[in-house]
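Protein chains in written order, with this note's numbering: chain A, 1 to 346; chain F, 1001 to 1295; chain H, 2001 to 2315. The next block holds one structure in the form of structure tokens; read it before the comments.
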Amino acid sequence: MTAMTSSVEKNSELGTPLLSVKGLTIDLSGDPGQRGLVEDVSFDLHQKGSLALIGESGCGKSLTSMAVLGLLPPNLPVRAGSVEFDGVDLLHCSERELRRVRGGPVGIVFQEPMSSLNPTMTVGDQIAEARRIHLGERRSTASRRAVELLDRVGIPNARERIRSYPHELSGGMQQRVMIAAAIACDPKLVIADEPTTALDVTIQAEILALLADLRRDLDLAVMLVTHDLGVVADFCDDVVVMYAGHVVERTSVDGLFYEPKHPYSSALLGSVPSAEEPRTRLPVIPGRVPPAGRFPDGCRFQPRCGHALPEPCALPQGESELDGGHRTRCCRVADGAVTLSGVPRG
Amino acid sequence: MSIETATASPEVAVTRNPRRGEVVRAVMRRPASAVSVCFVGLLVLLAVLGPLISPHDPGAQDLANPFAGPSWTHLFGTDDFGRDVASRMIEAARITILAPLISVGIAVLIGLPLGMLAAISGGWVDAIAGRLADTVLALPALVGALAIVSVLGPGLVTTMIAVGIIFTPTMFRVVRGAAVSVAEETFVRSAVAIGSSRRRILAVHVLPNIAAPVLVQVTILMGVALLVEASLSFLGLGVQPPDASWGSMLKAAYGSQFKAPFAVVPPGVAMVLTVLSFNTIGDAIRDAVGIRRRA
Amino acid sequence: MTARMALRRLGGGLLVLWLVSLLTFLMVRLIPGDPAEVVAGENASVEDVNRIREQLGLNRPVVEQYFSWLGGVLRGDLGSSLFTHRPVTSTIVDAAPPTLALTLTAIVLAVVIGVGAGVLAGLRQGGWLDRTISTVATLGIAMPSFWVAMLLVSVFSLSLKWLPATTYVPLERGFGIWLSHIIIPAIALGLATAAELARHTRGSVADVLTRPYIRTARSRGTGTVRLVRRHVLRNAAIPVVTVLGLQTSRLLGGTIVVEAVVGISGLGTLAVNSVLHRDYPVIQGYVLFCAVVVVVVNLVVDLAYGWINPKVRAS
């Protein structure tokens, strides 16, 4: 468990962040469309750090992670913002630069390994592909490295396995293959978009353990997109909480769990069932996530927030920085008008 | 609630096919298919009213004036016997529409009941029918038609029968496939469960629901039938002179290409437009009903 | 595809071929009236009719005649032509090369142009290139091959005099001259196939591009060319192979009319002449030959499909 170090303190310790997203805004074009589907998203990730992007389905966390590498489809244009990686703004660089970064310094692991792996290419070829593209390796060299990588991610019989096709492997093994491909070129950052959602619970733990392992051994920074608070607690140092396209809170994991500073985060924590209070109703956040195209102005959580007041909350909310680098987008918490409870310590 | 409504068959609600009118409207809404429908309608009109609206008698020869170019009296010129090409085109339209209609009609008449029967019977009936279908399908359409024509002798009637026989297995396969997938739907199983007779199930449940893919196949086959008849007539094995079909007109035009290069164009264009219309209508129906294109 | 599946397909194909042979054999007996008289013609003498009856084996019981005929077929003896009296087998073999050359050239052209156009259209879905290609493809499917041949001859041979109008020249006489003679009929024959291929490839490519694994490939830095080559083509090829198989039948039929237009003495012309002259042994031989070709091609396509699509291979 890490201490509650603030991002500001981290900045001075570790220098400039490896990945710095500022003001990222994505629109949804078409009819009805939504301006600011993802709006003004900012966060930092340092070398060897681990960041969780957490929120419900549809909050924009996957879109944000896709946007980092410019992998959004044409109907989701990035209207504003910057994504600084290692000194280069990935949103405003050439396609060639972007391709250099993808699969090289930044690896990405997708959610559903079965459909994210090419069914007509062997597993070995898919792992080797990034090395052949970025490092110009010959097929034989890349294949050997693929065997090593398969071994590293815990797939037995790696030498024979590189000739397998994706459908010949179980879901967990497929995901390990994806991870092997993501780390093939010794990246500095791995983005994992809900890597365990489509897998069995037992396999989930294995995959996460693998990621933690690799992070340690390879000095990786990991950005983990997830909706599972449990995963966040075990694995990540810092958290970015998103709701309906906004970052509503960013802080360390401890900061989130023990002292949440946004009503949504607090409500999320409250909705986790506790074994200590059996036979009570499952607490649920009333209301529903607003559909795209009908986001309210101002605070997007307002309709469901128990602490909301019409006046301040209807205005566009900016991010306020609190003690220890903890940031929130709730004006009422920032003003001290509202105090929230988190998970009890101990 | 009266006695009648209380005991009304529950199947009635299921089999009312509200989509028919919708499909027609969807087809007519698209410009391409609407134009195609109008074109086919025009052809049918020409075929029916032909003799009345023909500018000249299609058989009237004017040997002093062969291969005239397009002019006000002869919109498409004249052919090798001085006959008005436009009038012959109109007369040929009758055959060119009639022949595919009859051929495909034969294919549907035989293929539809057989296909449904095979689908719902399964077992050896299905297997045998399938093998027989495969046998005919093993031959290219034109080759099979040639073979049948060689047995029955040349002529328009033989051509129509030949093409009809050749297309029956295709129709059979399409009907069988569609019927099998419908038969697996729950509403058919429930009809079986309440004791409907096989004939009733076929007529009331299966038939309306396979109408769309069958119709699509019909439009495709109409186009192919037209081309096969034209090919056979071009080879001299179909329509016999002095009758005209667009195919046989091409044969005549081909023989005299040096003297009248333009003569090749009208019958060909007419054929292309007609086949195009059939295909477009078929595509529109397919899209309207949401059938995925088979590879 | 396992050996077992392959054997089953083979068995099915053989069964179909046997049924075809049965039907072909019965062809002559199904002629309305007295087949021998029909073949001999109106002015034939009684001796002629009897001779033909014997040649066609009509004087023997059906079953006996069938097995003797079948025996001959399996040995490669398809009887003799009623007119030239030469063995049918060698007649077909002699007439085959031009047709083979024509068909293969047409297929090559169709694949190169059709698949190429389809890939381009699929990559730029919705753009002007896609719309143009799609429109041309729709037209191409509707155009009868013999009319296309006539138009091409009219324009390129008779008017512009760039290309020769008729006949076939064997490859031995030189590639250039062979090509100049075969290009018009090959284009005419292959056009509809190219159009079908373009349509299917376009759909297939467009579909593949929406798949998640394409996004994965792009996330590894794959550029467009490599993306198409290694990821799109292989997956989009699957339906293309099937289409080619289906089109073989159409191509074979098409040779009949195209050869007639350009005056190539290949199998197509042989077929037409034999029908016009009611030379039944030749007709039967030709029909059998076509059936064999179609069945073999379908088998090969099935096997190729299994090879390309590893999922089928494993099951």
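All residues carry an ideal CB built from backbone N, CA and C; glycine is no exception.
Counting only residues of its own chain and dropping the five nearest sequence neighbours on each side, residue 219 of chain A has a CB closer than 7 Å to the CB of 48. In the pairwise beta carbon analysis, the region 1230-1239 of chain F is classified as touching the region 1137-1155 of chain F: at least three pairs are separated by under 8 Å.
In this structure, residue 18 of chain A and residue 221 of chain A form a Cβ contact; the two beta carbons are roughly 5 Å apart against a cut-off of 8 Å.
Nearest Cα to residue 164 of chain A within the set A:122, A:205, A:183 and A:157: A:122. By the 16-neighbour rule on beta-carbons within 10 angstroms, residue 1073 of chain F is exposed. Ranked by how close their Cα comes to the Cα of residue 96 of chain A, the residues H:2243, H:2271, H:2290 and H:2223 have H:2223 in first place. For residue 124 of chain A, no CB of chain H lies under 8 Å from its own CB, so it is not counted at the interface with that chain. As DSSP reads the structure, residue 221 of chain A sits in a beta bridge with A:189.
Under DSSP, no beta-bridge partner is assigned to residue 1024 of chain F. When C-alpha distances from residue 21 of chain A are compared across A:32, A:53 and A:113, the shortest belongs to A:53. Where residue 80 of chain A is concerned, there is no enclosing alpha helix (DSSP H), although the beta strand (DSSP E) around it starts and stops at 78-85.
Under the DSSP assignment, residue 53 of chain A falls in the beta strand (DSSP E) whose first and last residues are 50-54. Taking residue 296 of chain A as the centre and dropping the five residues before and after it, the same chain places the C-beta of 290, 302 and 303 closer than 7 Å to its C-beta, in chain order. Take residue 2125 of chain H, set aside five residues on each side of it, and the residues of its chain with a beta-carbon closer than 6 Å to its own are 2206, in chain order.
Annotation for residue 199 of chain A: 171, 172, 175 and 207 place their beta carbon closer than 8 Å to its own, counting only its chain and skipping 5 residues before and after. Cα atoms of residue 298 of chain A and residue 195 of chain A: separation of roughly 32 Å, rounded to the nearest angstrom. DSSP places residue 1268 of chain F in the uninterrupted alpha helix (DSSP H) bounded by 1265-1289. Interface flag for residue 2216 of chain H against chain A is set, since a Cβ pair is found closer than 8 Å. Between the C-alpha atoms of residue 2186 of chain H and residue 1257 of chain F there is a straight-line separation of about 20 Å.
Taking 8 Å as the cut-off, the Cβ atoms of residue 185 of chain A and residue 50 of chain A do not count as close. The C-beta separation of residue 127 of chain A from residue 180 of chain A comes to about 5 Å, placing the pair in contact by the 8 Å criterion. Under the 8 Å criterion on CB atoms, residue 2097 of chain H is classed as non-interfacial with respect to chain F. Contact between residue 225 of chain A and residue 329 of chain A is ruled out by a C-beta separation of about 19 Å, above the 8 Å threshold. Note that the region 1106-1124 of chain F touches the region 1161-1181 of chain F; at least 3 beta-carbon pairs, one per stretch, sit closer than 8 Å. DSSP places residue 26 of chain A in the uninterrupted beta strand (DSSP E) bounded by 19-28. Contact annotation: the region 1048-1063 of chain F does not touch the region 1117-1136 of chain F, with fewer than three C-beta pairs closer than 8 Å. Identification of chain H residues near residue 1131 of chain F by a Cβ-Cβ cut-off of 9 Å yields 2012, 2015, 2016 and 2019, ordered along the chain.
Here residue 2259 of chain H is buried, its C-beta having at least 16 other C-beta atoms within 10 Å.
Residue 311 of chain A counts as exposed, since fewer than 16 other beta carbons sit within 10 angstroms of its beta carbon. Residue environment analysis places residue 131 of chain A among the buried positions, since at least 16 neighbouring C-beta atoms fall within 10 angstroms of its C-beta.
Contacts with chain F (Cβ-Cβ distance below 8 Å) from the region 2109-2132 of chain H involve no residue at all. Identification of residues in the region 2034-2061 of chain H having a C-beta nearer than 7 Å to some C-beta of chain F yields an empty set. Within chain H, the residues placing a beta-carbon under 8 Å from that of residue 115 of chain A are 2211, 2212 and 2213, ordered along the chain. Assignment of beta-bridge partners to residue 271 of chain A by DSSP yields no partner.
Among the bridge pairs identified by DSSP, residue 45 of chain A is matched with A:19. Secondary structure at residue 37 of chain A: strand, using DSSP grouped into helix, strand and coil.
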